[in-house]
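Single-structure report; data block below.
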Amino acid sequence: EGIETAMRLAKAFTGRHEFLALTHSFHGRTNATLSITGNKARKTRGGPYLPGVAFAPVPYTYRNPWGTEDEEEVAEKAAEAIEWAIDFQTAGDVAAFVSETVWGEGGIIVPPKTYFERVKHVLDKHGILFVCDEVQSGFGRCGSLFAIEQFGVVPDIMVLAKGIADGFPLSATMARPEIADSLRPGEHLSTFGGNPVSCAAALANLAVMEEEELPAASARKGARAMARLRELQERFPLIGEVRGLGLMIGVELVRDRQTKEPATTEAVAIRRFCREHGVLVGVGGQAGNVVRVQPPLVIADAALDRALDTLEAALAAVAVAGPARVGAAAG
Numbered sequence: 005e006g007i008e009t010a011m012r013l014a015k016a017f018t019g020r021h022e023f024l025a026l027t028h029s030f031h032g033r034t035n036a037t038l039s040i041t042g043n044k045a046r047k048t049r050g051g052p053y054l055p056g057v058a059f060a061p062v063p064y065t066y067r068n069p070w071g072t073e074d075e076e077e078v079a080e081k082a083a084e085a086i087e088w089a090i091d092f093q094t095a096g097d098v099a100a101f102v103s104e105t106v107w108g109e110g111g112i113i114v115p116p117k118t119y120f121e122r123v124k125h126v127l128d129k130h131g132i133l134f135v136c137d138e139v140q141s142g143f144g145r146c147g148s149l150f151a152i153e154q155f156g157v158v159p160d161i162m163v164l165a166k167g168i169a170d171g172f173p174l175s176a177t178m179a180r181p182e183i184a185d186s187l188r189p190g191e192h193l194s195t196f197g198g199n200p201v202s203c204a205a206a207l208a209n210l211a212v213m214e215e216e217e218l219p220a221a222s223a224r225k226g227a228r229a230m231a232r233l234r235e236l237q238e239r240f241p242l243i244g245e246v247r248g249l250g251l252m253i254g255v256e257l258v259r260d261r262q263t264k265e266p267a268t269t270e271a272v273a274i275r276r277f278c279r280e281h282g283v284l285v286g287v288g289g290q291a292g293n294v295v296r297v298q299p300p301l302v303i304a305d306a307a308l309d310r311a312l313d314t315l316e317a318a319l320a321a322v323a324v325a326g327p328a329r330v331g332a333a334a335g
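With positions in the sequence shown counted from 1, the corresponding number in our numbering is that position plus 4.
In structure tokens form, the structure reads like this:
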């Protein structure tokens, strides 16, 4: 609902009707939000989708169509791809560019530091709004209250959920005042919007987050986890890349570091092993080969270490016995 609200705001404010999105992205499971989702795994059995959506490549330093792992070059090429998509995939009627700050379902893809600055320059030139999807990355998850704060740009519209109310159902769509005013009172609403219990939970959650400095704690614990995971990368050839911001971390598994063949079966086996040993990790990425490490922001250092110990044991088990035997044993 938050993303669809942002889409409607963008159309109302600009008078335009098209959208620009990215490959590997995920913005929700309704027809409209799946229309701007680039993650193929989430779109199966749901089409056809809305017309008027163009896609550009996500700035994926580890895997991209430009054949480089240089972050600045990836940022430059990805921003140029945005301009190309506007010029050749649209009718020049683009209301907004919709993007996550960190692409979670796509495999915890962290953009180069200059990416959003470069993209915002392109968008401003064409009068296109920037809708920032902070549903997964917001509220301290990435080491700052909002992940986009680390990239030097201010979105025109921002969508929030998940961490906003610590499990209570709530989302929010924020916009510059002149954009928010483009919808008349009552023109867009939700039956359960503004639920008092959820709003009270969100206020209490934000107070605790500020009092306990949870975004800073996320940055510190994330650095601790990343250091440990990079040590594991040195030991296990199965790990192709470790990447993340704060406590939003992805471990990309490959069968060969040269070819980068996705280790999908291995990722599933590791998830099963961890679950059977009391640790929940996710699996994401277009090929389902990225282990997602996203613990609670309040996790104690000792608990984080135990979780990483379990992940290490899972990697070792797969290396010795293979994914089929580990998966069968864990299942």
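Here a beta-carbon is modelled for each residue, glycine too, at the ideal position from N, C-alpha and C.
Taking 8 angstroms as the cut-off, the Cβ atoms of A99 and L133 count as close. For F17, the CB contacts under 6 angstroms within the same chain, skipping 5 residues up- and downstream, are I183, S186 in chain order. Membership of T72 in any beta strand (DSSP E) is not indicated, and neither H nor E is assigned to it by DSSP. For A205, the enclosing alpha helix (DSSP H) has its first and last residue at 200-215. For the set A36, R276, H130, D170, the Cα lying nearest the Cα of A204 is the one of D170. Bridge partners of D260 according to DSSP: E265.
If you look at A10, you'll find it in the alpha helix (DSSP H) that goes 6-18. Cα atoms of T34 and V163: separation of roughly 15 angstroms, rounded to the nearest angstrom. When DSSP states are grouped into helix, strand and coil, E87 belongs to the helix group.
The Cβ-Cβ distance between G156 and E121 falls below 8 angstroms. Here DSSP, grouped into helix, strand and coil, assigns T105 to coil.
In the DSSP assignment, E22 falls within the unbroken beta strand (DSSP E) covering 22-26. G254 is the residue among R275, G254, F143 whose C-alpha sits nearest the C-alpha of G108. L207 sits exposed, since fewer than 16 C-beta atoms from the chains shown fall within 10 Å of its C-beta. Assigned with DSSP and collapsed to three states, T314 falls in helix. Beta bridge pairing from DSSP links R247 with G254.
DSSP places R296 inside the beta strand (DSSP E), whose first and last residues are 294-297. Taking the Cα of Q262 as reference, the smallest distance to any Cα among E84, P116, P241, P327 is reached at P241. Secondary structure remark: continuous alpha helix (DSSP H) runs of at least 4 residues inside the stretch 29-81, in chain order: 35-39, 44-47. A Cβ-Cβ contact shorter than 8 angstroms links K47 with L38. Distance between N209 and D91, taken at the CA atoms: about 44 angstroms. Between the alpha carbons of P61 and L24 lies a gap of roughly 11 angstroms.
When DSSP reads this structure, D137 sits in a beta bridge with E104, V163.
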